[in-house]
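A.B. asks: Quick note: the sequence shown, position 166, residue 166 per UniProt numbering, numbers continuous.
Structure incoming, see below.
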Amino acid sequence: MLQLIKSRFQKSLFNLPKFSILKRNLNLHEWQSKTLMQKHDVAVESFKVADSAQGVYKAIKGMDYPSYVIKSQIFAGGRGRGRFVENGFQGGVRFAKDAEEGYKFAKKMLGNHLVTKQTDEKGKLVRSVMISQCMNIKRELYFAVLMDRVSQGPMIIVSPKGGTSIEEVAEETPDLIARFPIDVDIGPTMEQKKKIAEFLEFNKSLFPKVSKEVQALYDLFIATDSSLVEINPFAETKEGDIFSLDAKFNFDDNAFFRQKEIFEMADKSDEDPRETEATKMGSSYVGLDGNIGCMVNGAGLAMATLDVLKMYGGEPANFLDLGGGASKTVVIKAFKILASHPNVKTILVNIFGGIVRCDMIANGILDAVKEVGLDVPLVVRLAGTNVEKGIKLMNDSGLPIITASNLGDAARKAVKTVKSFVKKKLM
Ligand code: ADP
Ligand code: MG
């Protein structure tokens, strides 16, 4: 559901300019994905990780290969053709012949921002690099397994044209992409694996190896509750071996309870700390560009709130979806998270008391205000069970809470307080 709201924000719902939408997807760095792949018997190159140039130097000294690849670890693809903001250095993936060259490249990459086709113009900070054994690549192919909505099951997608962006291949040469819907109860059949090897133009003698890698990648996909395993390039070497040389994984958030090990690997350094906090308490947080902080329960109500705010000329700064339960502790934390956003000039609470009664929510809000304090106006609209009781509690509290009778009223009041807040600040 959260994904749906985000995509609605990103699309033309409000015809807003560019949003900084925060993703809650679990991201793994390439080296972490490859560690998982090793565990699941997928063939990957030898590698190490380092977060300093000195570390890269040492790592290479401890390896013995003809050459190495130094790979920036960021959550974006297209690194090979990327460029560093601070020093103009070309390439987030570079070939190094020895430790000295590896050191030199790492110096240019670490601590700097890499801009690729998949990042914004600010780029992503490179905090670590992976040192890979350089393979003798003969051909670069594309391999992916994903959960497909249409066939309602896993789907293997392959192309003999790998290494580049698959979106481009799909647009320019769609015939070079083949899709294989997989029966989740049996996995890829021998017949399917043979067809995959044929479509990828492998020599017959390599079919058993291809089949083994395809099976291993599929098993990994299932075992880790992935929603996407994308290997680009899936490479054939001159020696006749097959390696997965770049990997991107997405995981099903709902699998959190049984994939703790994987979720614990997540690097949150790029994530908004508010999002991290919200996730911890079982809520969802989305950061936006406006100045009204929104606390809601339920994704549908979130969308409605933001639609109506826009209608009255307001801009949401963020929204926090409390989900089903809104206990006192949750509301207190939610207030802290919303108010910690530097742009928030007013907070709008729009909660429907269905599972949780409005008087309980009102008490939660009052306690939260008493505990956290309020340095911005607070507009509250409640609806549902015990709504009169809830509103009365807030009106009688003596606290400067602005109550609203309906959503339109709430949005209007929130927008009005923002305007006066700005004025006050200016005076
Ligand atoms: P990105 O997709 O982010 O640009 P990749 O990991 O796909 O990053 O690396 C870019 C290119 O670098 C690959 O398409 C491949 O040609 C080359 N490459 C990556 N890893 C290796 C490796 N271990 N050995 C040889 N070439 C590699
Ligand atoms: Mg790649």
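Backbone N, C-alpha and C define an ideal beta-carbon position, used for all residues, glycine too.
Would the beta-carbon of residue 513 be found less than 6 Å away from any heavy atom of the ligand MG?
C.D. replies: Because the chain here runs from 1 to 427, residue 513 falls outside it and cannot be looked at.
A.B. asks: Assess contact between the region 31 to 45 and the region 127 to 139, defined as three or more Cβ pairs (one per stretch) separated by less than 8 Å. Is contact present?
C.D. replies: Verdict: yes, contact present.
A.B. asks: GLY92 and SER72 - do their beta-carbons sit closer together than 7 Å?
C.D. replies: Yes.
A.B. asks: Just list the residues that DSSP pairs THR403 with in beta bridges.
C.D. replies: THR403 pairs with VAL380.
A.B. asks: Which parts of the region 256 to 308 are runs of the beta strand (DSSP E), unbroken and 3 residues or longer, counting only runs that do not cross its ends?
C.D. replies: If we require 3 residues or more, the beta strand (DSSP E) runs fully inside the region 256 to 308 come out as 284 to 287 and 292 to 296.
A.B. asks: Taking the straight line between their C-alpha atoms, what separation do you get for ASN395 and GLY293?
C.D. replies: Distance between the alpha carbons of ASN395 and GLY293: 21 Å.
A.B. asks: Hey, ALA414 and LEU306: beta-carbon distance below 7 Å or not?
C.D. replies: No, these two residues do not count as a Cβ contact at 7 Å.
A.B. asks: Rounded to a whole number of angstroms, what is the C-alpha to C-alpha distance between LEU22 and GLY323?
C.D. replies: With a pLDDT of only 30 at LEU22, under 50, the local geometry of the prediction cannot be trusted, and the value read off the model is given with reservation. LEU22 and GLY323: Cα-Cα distance of roughly 18 Å.
A.B. asks: Quick one: using the 10 Å Cβ neighbour count with 16 as the cut-off for buried, is PRO154 buried or exposed?
C.D. replies: Result: buried.
A.B. asks: Please confirm if the region 182 to 202 is in contact with the region 265 to 275, defined as three or more CB-CB distances below 8 Å between the two stretches.
C.D. replies: No contact exists between the region 182 to 202 and the region 265 to 275.
A.B. asks: Helix, strand or coil: how does DSSP classify SER52 here?
C.D. replies: Coil at SER52, not helix or strand.
A.B. asks: Cβ-heavy atom distance between LEU36 and the ligand ADP below 6 Å?
C.D. replies: The answer is no for LEU36.
A.B. asks: DSSP three-state call for LEU26: helix, strand or coil?
C.D. replies: Of the three classes helix, strand and coil, the one that applies to LEU26 here is coil, per DSSP.
A.B. asks: Select from PHE249, ALA223 and GLU371 the residue whose C-alpha is nearest the C-alpha of residue 431.
C.D. replies: Missing from the structure shown is residue 431; the chain here goes from 1 to 427 and no further.
A.B. asks: Start and end of the beta strand (DSSP E) containing PRO154?
C.D. replies: Note, PRO154: beta strand (DSSP E), 153 to 159.
A.B. asks: Answer yes or no: the CB of ASN232 versus the heavy atoms of the ligand MG, is any distance below 6 Å?
C.D. replies: Yes.
A.B. asks: Thinking C-beta only, is GLY373 closer than 7 Å to ILE361?
C.D. replies: Not closer than 7 Å, so no.
A.B. asks: What is the rounded straight-line gap between the Cα of PHE75 and the Cα of VAL150?
C.D. replies: Roughly 28 Å between the two C-alpha positions.
A.B. asks: Can you tell me which of ALA235, LYS194 and GLY300 puts its alpha carbon nearest to the alpha carbon of PHE207?
C.D. replies: It is LYS194.
A.B. asks: So is the beta-carbon of ALA246 under 6 Å away from any non-hydrogen atom of the ligand MG?
C.D. replies: One point to set straight first is that residue 246 is Asp, not Ala, in the sequence displayed. Yes, Cβ of ASP246 sits closer than 6 Å to a heavy atom of the ligand MG.
A.B. asks: Note down the Cα distance separating ASP185 from ASP321, rounded to an integer number of angstroms.
C.D. replies: Their Cα atoms are separated by approximately 36 Å.
A.B. asks: When we look at the beta-carbon of LYS61 and count the other beta-carbons within 10 Å, is it buried (16 or more) or exposed?
C.D. replies: LYS61 should be labelled exposed.
A.B. asks: Does the pairing of the region 105 to 122 with the region 84 to 91 give three or more beta-carbon distances under 8 Å?
C.D. replies: Contact between the region 105 to 122 and the region 84 to 91 is present, because at least three Cβ pairs lie under 8 Å.
A.B. asks: Just verifying my parser: in three-state terms, what is the DSSP assignment at ILE391?
C.D. replies: Of the three classes helix, strand and coil, the one that applies to ILE391 here is helix, per DSSP.
A.B. asks: Does the beta-carbon of PHE257 have 16 or more other beta-carbons within 10 angstroms, so that it is buried, or is it exposed?
C.D. replies: PHE257 is exposed by the Cβ-count criterion.
A.B. asks: Which residue's Cα is closest to the Cα of THR237: ILE262, LYS209 and GLU261?
C.D. replies: Comparing Cα positions, the closest option is LYS209.
A.B. asks: Less than 8 Å between the CB atoms is what I'm expecting for ILE231 and ASP246, so what's the real figure, rounded?
C.D. replies: Indeed they touch by this definition, with Cβ atoms about 7 Å apart.
A.B. asks: Can you name, in chain order, every residue of its own chain whose Cβ lies under 7 Å from the Cβ of GLY282, other than the five neighbours on each side?
C.D. replies: GLY323, listed in sequence order.
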